[in-house]
Amino acid sequence: MFFFKNNDNGPKTSYTALELMNEMEKRNDILLIDVREPHELAKEGIKNAMHIPVNQMPDKLPLLPKDKDMVIFCHVGFRSKQVRNYLHKLGYHRAAHLKGGLNSWNKELKQKASQLSEVE
0 MFFFKNNDNG
10 PKTSYTALEL
20 MNEMEKRNDI
30 LLIDVREPHE
40 LAKEGIKNAM
50 HIPVNQMPDK
60 LPLLPKDKDM
70 VIFCHVGFRS
80 KQVRNYLHKL
90 GYHRAAHLKG
100 GLNSWNKELK
110 QKASQLSEVE
């Protein structure tokens, strides 16, 4: 049984930044996978994410459990969607990707921070 669900009750295959943030507030067992290249890591990321560059994914498959929800992300979402599709073909049906990548994540973080400062 899948925890991530779409409206059609199938496994969820993608998340917006806000959806993922809300999900992460409810639970801490989501495996986050950063597929950016090493030189991109100096830029912001998501705390506690596992780093597996796209070109290393085939060699790192044994590290990925098929029975755990995972969200893959990159800078803008293109590579993470490709990796999600690749993993689905290999039976990792609980893999989803972050729409808009870290660009949308950071934008949502700034918006949330702004809303919190308005409340205070």
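Taking the working numbering, I'd label the letters of the sequence shown as residues 0 to 119. All residues carry an ideal CB built from backbone N, CA and C; glycine is no exception. Source: prediction; values computed, not measured.
Simplified DSSP assignment, three categories, for residue i
i: residue 33; result: strand
i: residue 2; result: Low per-residue confidence applies at residue 2: pLDDT is 49, beneath 50, and the placement is therefore not dependable, though the value from the model is reported in the following sentence. Here residue 2 sits in coil by DSSP.
i: residue 63; result: coil
i: residue 14; result: strand
i: residue 86; result: helix
i: residue 78; result: helix
i: residue 9; result: coil
Bridge-paired residues (DSSP) for residue i
i: residue 50; result: 33
i: residue 41; result: According to DSSP, residue 41 bridges with nothing at all.
i: residue 70; result: 31 and 95
Pick from the options that is closest to residue i, judged by C-alpha positions
i: residue 22; options: 40, 68 and 57; result: 68
i: residue 50; options: 43, 31 and 57; result: 31
i: residue 98; options: 88, 109, 64 and 81; result: 81
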